[in-house]
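Structure, as structure tokens:
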């Protein structure tokens, strides 16, 4: 994968060492702000709590982190791509629907639909949108991220995928 992302600028919101390592290993330049070709949002895991114990504030916080923040970030990224007249890649990374509580399941389910909708809607602008919902956080995740944001996946958009058998 060496050189797959040479000349590409990537912004990663969230933390995952394997993703950062894979992006850098493929030649991407990581940027904290400004223009970028790739925007990756990694959702922080939420605490698992039974649905009947969730407060409305906890429910909203999970939806904000797992859905709202992602939509707004992707929307801003897509707008910047359109202004530059360039395409780009959006990638959402997080836990699968069944991994945590009802609040995270609702956010992940909605994210799957959002990914498919934005993937179709923004394809005409050359902006690809995909999601990886997995428990994996090692090199396999980093490699899949690198592939999905590279030009080798130029025709992959609107895909929601996992890595392990239980994703």
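In our numbering, the protein residues as written are 1 to 167. Using N, Cα and C, we set each Cβ at its ideal position, and we do this for glycine too. All values reported here derive from a predicted model rather than from experimental measurement.
Query	Result
On the three-state DSSP scale, how would you describe residue 94?	strand
Which runs of the alpha helix (DSSP H) at least 4 residues long sit entirely within the region 27 to 107? Give them in chain order.	56 to 63 and 69 to 84
Please list, in chain order, all residues of the same chain as residue 122 whose beta carbon is under 7 Å from its beta carbon, the five residues on each side excluded.	78 and 129
Check the DSSP bridge columns for residue 132 and list the partner residues they point to.	93 and 161
Check for me: the beta strand (DSSP E) holding residue 156 runs from which residue to which?	Careful: residue 156 lies outside any beta strand (DSSP E) and carries neither H nor E.
Is residue 9 helix, strand or coil by DSSP?	strand
Just checking my contact of residue 40 with residue 10 at CB under 8 Å: how many whole Å lie between their CB atoms?	7 Å
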